[in-house]
Structures are given as C-alpha cells and as structure tokens.
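Worksheet for the structure shown next.
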Amino acid sequence: MDDNNQDCQEKEEGLKKIIQIIMSLMLLVGCSSGKDWRTASRESAGIAPDPHLKEAVLQVYGAPTWGWRGWFAIHTWIAAKRSAETEYTVYEVIGWRLYRGLPVIRIEKDLPDRYWFGERPRLLREHRGDGVDQLIAKVDKAARAYPWPTTYEAFPGPNSNTFIAWIGRQVPELRLELPFSAIGSGYGS
1 MDDNNQDCQE
11 KEEGLKKIIQ
21 IIMSLMLLVG
31 CSSGKDWRTA
41 SRESAGIAPD
51 PHLKEAVLQV
61 YGAPTWGWRG
71 WFAIHTWIAA
81 KRSAETEYTV
91 YEVIGWRLYR
101 GLPVIRIEKD
111 LPDRYWFGER
121 PRLLREHRGD
131 GVDQLIAKVD
141 KAARAYPWPT
151 TYEAFPGPNS
161 NTFIAWIGRQ
171 VPELRLELPF
181 SAIGSGYGS
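Residue numbering for the sequence shown follows UniProt numbering, beginning at 1 and increasing consecutively.
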C-alpha cells in the first residue's frame, strides 16, 4: 500500500512539473508576441446597431483575452441601449482596475462593440425591440448586485466571465449560454 501511495505522489509531482513547464512556455511565447496593449485597437468593430435608432438593444459580446490567454479564453461584456437613449452602456469586469483602487465592475457609456485590445469581438447574444427596456433594467439591477465587486482572479474566478454569467443567472430571460472559452463563468454557481 505504501508503494502505491509513493507511486501516486511521484506521478502527481511529475504532472505538476509538466504543467509548470507548459505554463512557463506559454507565458514566454505570450510575452514575446510583439503586441503592445497600449497601441492595440479599441475602435468599434461595426457590429452594434446605430445608437440613434429608437429601438432598445441588448447585446452580449466576447473577444479573445489579452496575450497568450487569448489562445483559449475570452473576455465577455454586455452592451445595452434603452429605446429612448442615443448611447450604449457597457457592463463589464476588468481586473486591473483594482490596481487603481477602483472596483472591478465598470458600468459606463462607451462603444458597445469595441475591439478588446486588438481582438475583434463577436456577438454571443442579442435582444432588440419590445420588452428589451425591461430586460435592460433587470440586467442593470443584477450588475449592481454582483457579489464580488472588489475581487478578481483570472482562474478560477471571479472574473469578467463570472460577472456576465452571474447576470445571466439573475436574469434568465436573457437566455444566455456562454461558450466553454468563457473561463470563470461557472464560478460561484
């Protein structure tokens, strides 16, 4: 029995070392990508409807995360515009806001379909027209009740995907299903 335990421990330690080596290589490759977040595009991708249209719009976006993590993970956010508004409100969590002493939650008027630091967003879910103003009100209420406003962990969470998944669970009418690459979306569920 002791030999079996020792064999299992040795295998576990070997697996840990292999994972550390792989993560180190990924970090090294990601750091040498030649990309610079300071000059990466943050322009509109041209996906969202014109904000001057009178209909209500609620969209959920996802884009590859910055650096090597973008190989397998996305950053998600919600953009919403009530029927009487001419600007979108963006709901998202951004971890580095903590370094500035700010909460991770960002709820601001902004471009709805902005490139995520050079990565083109894709539309994950959309609601438009009748009843969407009420849906936006529920999303806003859920976003402001998020239980981890000052905490961020890339893995396992809470992170940007945890935030969007949280809203989706609080507002089931969104019919939101995040992809597997929305790492952290299962945190706290």
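Idealized CB from N, CA, C, for every residue including glycine.
Rounded separation between residue i and residue j - CA only
| i | j | result |
| --- | --- | --- |
| L15 | Q9 | 10 Å |
| S32 | G67 | Interpretation of S32 is limited by its pLDDT of 45, a score under 50 that renders its predicted location unreliable; the figure taken from the coordinates is listed afterwards. When rounded, the distance between both Cα atoms is 9 Å. |
| W96 | N5 | 42 Å |
| P103 | Y187 | 18 Å |
| E153 | G184 | 9 Å |
| D3 | K17 | 21 Å |
| G46 | G70 | 21 Å |
| I78 | E12 | 40 Å |
| F163 | T39 | 27 Å |
| T89 | A137 | 12 Å |
| R42 | D110 | 11 Å |
| F117 | P64 | 9 Å |
| V139 | A48 | 18 Å |
| T150 | S83 | 31 Å |
| Q134 | K54 | 15 Å |
| P179 | A145 | 24 Å |
CB contact flag (residue i, residue j, <9 Å)
| i | j | result |
| --- | --- | --- |
| E177 | R125 | yes |
| P121 | G62 | yes |
| K141 | P112 | no |
| Y115 | S44 | yes |
| R128 | L58 | yes |
Residues bridged to residue i [DSSP beta-bridge criterion]
| i | result |
| --- | --- |
| R59 | Reading off the sequence, residue 59 comes out as Gln, not Arg. In DSSP, Q59 forms a bridge with A79 and E126. |
| R114 | S44 |
| I74 | P64 |
| E108 | V90 |
| E119 | W116 |
Whole-angstrom C-beta distance between residue j and residue i, which should lie under 8 Å
| i | j | result |
| --- | --- | --- |
| I74 | A182 | 6 Å |
| I94 | A143 | Wrong, their Cβ atoms sit about 13 Å apart, outside the cutoff. |
| S160 | E92 | 6 Å |
| V171 | A56 | About 14 Å separates the two Cβ atoms, so there is no contact after all. |
For residue i, three-class secondary structure by DSSP
| i | result |
| --- | --- |
| P149 | coil |
| P103 | coil |
| I94 | coil |
| I183 | coil |
| T89 | strand |
| E177 | coil |
| T39 | coil |
| A84 | coil |
| P158 | coil |
| D140 | helix |
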